[in-house]
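Visitor:
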Amino acid sequence: MSKDAKSPKKLRSNRAALTHKVGYALRHPERVGPYVRRAGRDAWLRVRHPDHVGYYRAVMASDTRRDPEAAVGSRTHDRWLALGQMQFDYLVEHGLRPDHRMLDIGCGNLRGGWRFIDHLDTGHYYGVDISPDILIAAKRTLTERGLQAKLPHLTITGDLRLEFLPDDHFDVIHAHSVFSHSPLSVIDECLAHVGRVLTRTGFFDFTFDRTEGTEHQVLREDFYYRTDTLLTLAAQHHLHARFMEDWEKRPHGQSKIRVSRSPLPV
Numbered sequence: 001m002s003k004d005a006k007s008p009k010k011l012r013s014n015r016a017a018l019t020h021k022v023g024y025a026l027r028h029p030e031r032v033g034p035y036v037r038r039a040g041r042d043a044w045l046r047v048r049h050p051d052h053v054g055y056y057r058a059v060m061a062s063d064t065r066r067d068p069e070a071a072v073g074s075r076t077h078d079r080w081l082a083l084g085q086m087q088f089d090y091l092v093e094h095g096l097r098p099d100h101r102m103l104d105i106g107c108g109n110l111r112g113g114w115r116f117i118d119h120l121d122t123g124h125y126y127g128v129d130i131s132p133d134i135l136i137a138a139k140r141t142l143t144e145r146g147l148q149a150k151l152p153h154l155t156i157t158g159d160l161r162l163e164f165l166p167d168d169h170f171d172v173i174h175a176h177s178v179f180s181h182s183p184l185s186v187i188d189e190c191l192a193h194v195g196r197v198l199t200r201t202g203f204f205d206f207t208f209d210r211t212e213g214t215e216h217q218v219l220r221e222d223f224y225y226r227t228d229t230l231l232t233l234a235a236q237h238h239l240h241a242r243f244m245e246d247w248e249k250r251p252h253g254q255s256k257i258r259v260s261r262s263p264l265p266v
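Using the UniProt record's numbering, read the sequence shown as starting at 1 and increasing by one per residue.
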């Protein structure tokens with residue numbers, strides 16, 4: 001997604017509205033066929049998998065079979081590299097140290113993860129994902145980068161309750177392009193439990209598709225939220241939360257929120 005997704009006009013648009021879909025189709029007729037095929041596939045997967053995690057796991061399996069890098073939102077290898085670098089640079093600039101323990105929620109095929117693994121001390125990276133297919137691709141990335149000796153944890157999960165992880169363990173938790181594909185119930189589940197595994201001084205960064213208009217979703221794959229909705233949800237779980245203005249300067253269409261158990265510096 002390009003940075004112009006944050007333009008005032010784009011932030012007010014409702015991509016689920018019929019008028020938007022018709023206008024988009026008229027402007028991009030070459031994309032109508034692929035959209036119709038994807039809509040048909042997604043409708044069939046929703047019938048087979050009524051719960052969102054099961055449905056999105058099936059989406060990831062389908063997308064990963066075609067192209068693991070495209071499955072995590074990168075249309076080209078250069079873009080895959082650039083997005084991973086962007087994630088890494090931002091967290092390092094915000095204090096990610098080699099001795100920190102990091103949890104990467106929705107680690108995918110290690111688009112950013114391989115850089116984090118290389119940066120962190122051995123065994124300090126823990127990546128989780130709902131898709132076994134993308135985790136197989138992650139292990140290929142790990143091998144290609146020659147990072148086996150860093151002993152990262154790569155684990156499949158069926159929810160975001162994080163029950164299998166220890167208390168007060170992670171200094172940095174990261175979820176890039178996860179909540180942009182999640183209904184509010186999944187985000188609520190994560191925020192209800194993430195504080196337990198964070199250290200007192202740690203933080204959790206997540207990106208989301210921001211709207212300043214009506215909250216909406218497209219094909220149950222892309223969800224658009226108002227910032228205040230997510231800040232309020234974090235507060236309900238006794239977490240301090242802040243919209244990260246400096247992330248807005250990055251060439252990425254999603255926005256970012258940081259939450260912590262302790263007050264965040266302004």
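From the three backbone atoms N, C-alpha and C, an ideal C-beta is built for every residue, glycine too.
Where does Gln217 fall in DSSP's three states?
Guide: It is a strand residue.
Visitor: Of the choices Val266, Asp104, Met86 and Phe223, whose alpha-carbon is the least far from that of Leu160?
Guide: Minimum Cα distance to Leu160 is reached at Asp104.
Visitor: State the CB to CB distance for the pair Ala61 and Ser131, rounded to an integer number of angstroms; the pair is presumed to be in contact (CB under 8 Å).
Guide: The Cβ separation is near 7 Å, so the contact holds.
Visitor: Is Met244 helix, strand or coil by DSSP?
Guide: Of the three classes helix, strand and coil, the one that applies to Met244 here is coil, per DSSP.
Visitor: Among residues of its own chain, excluding the 5 on either side of Arg12, which ones have a beta-carbon nearer than 7 Å to its beta-carbon?
Guide: Only Glu212 and Gly213 meet the Cβ criterion.
Visitor: Out of Tyr125, Ala39 and Phe204, state which residue places its alpha-carbon closest to the alpha-carbon of Leu239.
Guide: With distances taken between Cα atoms, Leu239 lies closest to Phe204.
Visitor: Taking only three categories from DSSP, how would you classify Ile130?
Guide: Coil, per DSSP.
Visitor: Which runs of the alpha helix (DSSP H) at least 4 residues long sit entirely within the UniProt domain "Methyltransferase type 12" (103-204)? Give them in chain order.
Guide: List check, alpha helix (DSSP H) in window: 113-119, 132-144 and 184-197.
Visitor: Under 7 Å Cβ to Cβ from Phe170, same chain only, skipping five residues before and after it: list those, please.
Guide: These residues qualify, in order along the chain: Arg101, Met102, Leu103, Val197, Leu198, Thr199 and Gly202.
Visitor: Run through the DSSP bridge pairs and tell me what Ser260 is partnered with.
Guide: Answer is His240, bridged to Ser260.
Visitor: Could you please give the first and the last residue of the uninterrupted beta strand (DSSP E) stretch that includes Asp63?
Guide: Looking at the DSSP string, Asp63 is not in any beta strand (DSSP E); the run it does join, the alpha helix (DSSP H), is His52 to Arg66.
Visitor: I'd like to confirm the pairing. Which residues does DSSP put opposite Arg210 in its beta bridges?
Guide: DSSP output for Arg210 lists Tyr225 as bridge partner(s).
Visitor: Can Leu45 and Ala25 be called in contact, C-beta distance under 8 Å?
Guide: In this structure, Ala25 does not lie closer than 8 Å to Leu45 by Cβ.
Visitor: Pull up the CB-CB distance for residue 285 and Thr207, whole angstroms please, since I reckon it's below 8 Å.
Guide: Absent from the model: residue 285. The displayed extent of the chain is 1 to 266, so no value can be given.
Visitor: In the DSSP assignment, the alpha helix (DSSP H) including Pro34 goes from what residue to what residue?
Guide: Start and end: Val32 to Arg48.
Visitor: Under 6 Å Cβ to Cβ from Gln87, same chain only, skipping five residues before and after it: list those, please.
Guide: So the list reads Gly112 and His176, once near-sequence residues are dropped.
Visitor: Just to confirm, are Leu151 and Gly123 a CB contact at a threshold of 8 Å?
Guide: Closer than 8 Å, so yes.
Visitor: Taking Cβ to Cβ, would you say Gly106 is nearer than 8 Å to Asp129?
Guide: Yes; because the gap between Cβ atoms is below 8 Å, this pair is in contact.
Visitor: Name, in chain order, the residues that DSSP records as bridge partners for Ser255.
Guide: DSSP output for Ser255 lists Phe208 as bridge partner(s).
Visitor: Residues in its own chain within less than 7 Å of Ala17 by CB, not counting five upstream and five downstream?
Guide: Excluding residues within five positions, none has a Cβ falling inside 7 Å.
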